[in-house]
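See below for the structure under consideration.
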Amino acid sequence: MKKLILSVGLTMALFTSCKEKTEKTEAKNIAETTTEETQPEDNDWEVLFDGSNLDKWHAYNGQAPTQWKIVDDALVFTPAENREGTENLVTNEKYTSFVLTLDWMISEGGNSGIMWAVEENPEYHEPYYTGPEIQILDDERHPDAKAGTTHRSGALYDMIAAPEGVVNPAGEWNSYEITIDYTNNEGIIVMNGEEVVTFPVKGEEWKAMVADSKFADWEAFGKAETGLLALQDHGHQVSFKNIKIKKL
C-alpha cells in the first residue's frame, strides 16, 4: 500500500513539474514574440540613393536633373558650362524627424551643403531660403572657411561652428550622420564617426540662433518642421553615395 501511495505521489509530482515547465515555456515564447513585435527593426531605413538611379529625387523647382550623373555608383554633380541659374537636387518626399546617413566628397576649392525642411516654391529660387544647411566645404582652399568657424564642413551653416581636424581633405570621402528630431528638440551632426555639432531645432533657442545669423531677416527660413531634403548646387563638383534615411 505504501508503495502504491509513493508511486501515485511521484506521478503527480512529475505531472505538476511537466505542467509548470510547459507553462513557463509558453510564457517565455509569448514574451519573446511580444518583444520581437515591439522592438524597432533595422529595415526602417529607406534607401534614397544606392548608385543605380535617381528615382527618389528631382531638380528643385524643376523636373529631371541634367547636371547630376551617376558615376561609378556615386551621385556626382558637375556644373554645366555657360549655364544659367542653379540645379539643386531635392527629395520627392517630405520628412520631419529623421536620421540621414551618407558619404560625400568635395572637389578642390569646392562648396556644397545638405538642407532639410526645404519648401519648394517658385517664390524661393534656392532651397537655402527656407532650409537650414549642414556645410560641405574644402576647408583648406575655399574662402568661405576663412569667414568663420560656422562655415566649416560639419557646421550648422552660419549658426553653430564645427571643430577643426575632423573633415578629410578635398578629393577624399567623408561620412555624415545627421539627426533632426523635433520631438526631443535635438539636432546632432556626426562626421567621420565623431560628434561635431549639437543644436536645438525649434523653440526660443532656435529662434535666438537664427536671429544671430545672416538669416535673421529671412521671412521663411527655418520656420517649417516638415519639408524636402536638398543637396546643394554651389557651382562646384561634389559627389554623394550610400544615402539612406530613417524616420523617427
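With the UniProt record's numbering, letter number 161 in the sequence shown gets 161, and the count goes up by one each step, no holes. For each residue, glycine too, the CB sits at the ideal point set by N, CA and C. Every value quoted in this text rests on a predicted model; they were computed, and no experiment measured them.
For Glu81, which residues of its own chain have a beta-carbon under 8 Å away from its beta-carbon, when the five flanking residues on both sides are left out?
Excluding sequence positions up to five before and after Glu81, its CB lies less than 8 Å from no other CB in the same chain.
List the whole-angstrom C-beta distance separating Gly51 from Val238, where the pair is believed to meet the contact cut-off of C-beta under 8 Å.
That belief does not hold up - the Cβ atoms of Gly51 and Val238 are roughly 16 Å apart, past 8 Å.
For a quick check, are the C-beta atoms of Lys241 and Leu102 less than 9 Å apart?
Yes, the pair counts as a contact, with Cβ atoms nearer than the cut-off.
Among Leu89, Gly171 and Pro79, which has the Cα closest to the Cα of Asn61?
Closest option to Asn61, Cα to Cα, is Leu89.
Status (buried if at least 16 other CB within 10 Å, exposed otherwise) for His125
When all chains shown are included, His125 counts as exposed.
Looking at the strands, I want to know which residues DSSP matches up with Thr91.
Bridge partners of Thr91: Trp57.
Assuming Leu48 contacts Ile243 (C-beta within less than 8 Å), just tell me the rounded distance between them.
Right, their Cβ atoms sit about 4 Å apart.
In DSSP terms, what Glu177 is bridged to:
Per DSSP, Thr101 and Val190.
I need the boundaries of the alpha helix (DSSP H) containing Met209, first residue and last residue.
DSSP places Met209 inside the alpha helix (DSSP H), whose first and last residues are Gly203 to Ala211.
If Lys94 sits next to Gly227, beta carbons under 8 Å apart, how far is it from one beta carbon to the other, in whole angstroms?
6 Å between Cβ atoms; contact.
Taking all protein chains shown into account, do 16 or more other C-beta atoms lie within 10 angstroms of the C-beta of Val71, making it buried, or fewer, making it exposed?
Exposed is the call here.
Answer with buried or exposed for Gly131, where buried requires no fewer than 16 other C-beta atoms within 10 angstroms of its C-beta.
Classification for Gly131: buried.
Per DSSP, which residues does Glu46 bridge with? Please list them.
DSSP, once it has assigned bridges, lists Ile245 as partnering Glu46.
Reference Ala220, options Arg141, Gln232 and Lys207, closest by Cα:
For Ala220, the closest C-alpha among the options Arg141, Gln232 and Lys207 is that of Lys207.
Based on Cα-Cα distance, which residue from Ile245, His234, Leu248 and Lys246 lies nearest to Gln67?
A check of alpha carbon separations from Gln67 across Ile245, His234, Leu248 and Lys246 identifies His234 as the nearest.
So if DSSP puts Thr198 in a beta bridge, which residue, or which two residues, is it bridged to?
For Thr198, which the question treats as bridged, DSSP gives the partners Ile188.
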